[in-house]
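The block underneath contains the structure these notes are about, expressed in structure tokens.
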Amino acid sequence: MGETFQIPPEKTPKHVAIIMDGNGRWALSRGKPRLAGHRAGTENLRRVIRASVEFGVKYLTIYAFSTENWGRPPAEVRGLMHIFENVIDHELEELHQEGVQLRHIGRLEKLTPKLHKKVLAAIELTKNNTRLVLNIAFNYGGRDEIVYAVQNMLQDGVSAEEVNIELINKYLFTVGSPDPDLIIRTSGELRTSNFLIWQSAYSEWYITPTFWPDFDKKEYAKALQTYADRDRRYGGVSDEHYE
Ligand code: FPP
């Protein structure tokens, strides 16, 4: 599909965010343990990161672990932490070579000091890369992000009159990234699951029944094409509807 991908740059979403759902069901349908689904999902993530660079997406945000995911069985939580650590240990160098800038959204404090340190080192190493910004949402929750922003504003002595949309944007974990143009959710669920709830006010959604490990480049291109065909009005009306 790479060769035939012909969406003009102005119709390509600058920022794509993905809820990588369905790893568990993918594994179950193959008689494998859930963690095998997360490992297959990680493999797929590598492909989607590459495709993002190829398609000209500039910001990619992935929902890897939510504030609610702590409620999963301890072995699965440990497995997901281990996958994150593995990604840093084994993929970071290549991501760096490919010009990917790694950022983290969410709270790092709850991770082990070792993982916390590795994430900070990865951010530092890649901070000047410009080909693609990869925001990894890990221990992220949209409501938690807003709570954290309000706490920090109060601590900074921000007055009621100073609070506006731009200021709130500056206090969110996503500071420095534009709002997502397109949010993709795999595995067919129709909910936001606490993902970028402030930033997604005018995002376009693309929902596919495909489980995340099977969401390939071809389907990614289809999502981008669907986005390109949409008419974004941001609460207004499009020019053609004016007399
Ligand atoms: C949702 O599927 C998926 C997750 C909670 C984890 C996603 C993580 C990865 C793909 C690994 C990449 C990680 C990093 C740190 C880069 P689910 O388990 O809820 O699936 P189900 O709804 O079918 O049970």
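Under the working numbering, the letters of the sequence shown match residues 14 to 256, in that order. Positions of the beta carbon are idealized from the N, C-alpha and C atoms, including for glycine.
Among the options, the one whose alpha carbon lies nearest that of residue i
i	options	result
Glu281	Ile149, Trp218 and Tyr153	Within the shown structure, residues of the chain are numbered from 14 to 256, placing residue 281 beyond reach of any answer.
Ile62	Asp157, Glu174 and Arg144	Arg144
Tyr247	Tyr219, Ala214 and Ile196	Ala214
Glu202	Gly170, Pro126, Ile32 and Val250	Ile32
Lys230	Ser190, Gly84 and Arg60	Arg60
Glu89	Leu105, Ala49 and Leu124	Ala49
Backbone secondary structure at residue i - three-state DSSP
i	result
Leu268	Summary: the structure shown does not reach residue 268, with the chain confined to residues 14 through 256, and so no result is reported for it.
Asn207	coil
Tyr184	helix
Ile20	coil
Asn152	strand
Ser65	helix
Val100	helix
Tyr247	coil
Val160	helix
Thr25	coil
Asp227	helix
Lys127	helix
Thr143	coil
Asn165	helix
Glu106	helix
For residue i: DSSP bridge partner residues
i	result
Tyr240	Paired residues: none, contrary to the question.
Glu217	Leu195
Arg116	Asn148
C-beta atoms of residue i and residue j nearer than 9 Å
i	j	result
Lys140	Gln168	no
Pro46	Tyr240	no
Val146	Arg116	yes
Trp211	Glu158	yes
Gly35	Trp225	yes
Ile101	Ala135	yes
Trp218	Leu195	yes
*Go through the stretch 26-96 residue by residue and report every complete run of the alpha helix (DSSP H) that reaches 4 residues or more, in order.*
36-41 and 47-68
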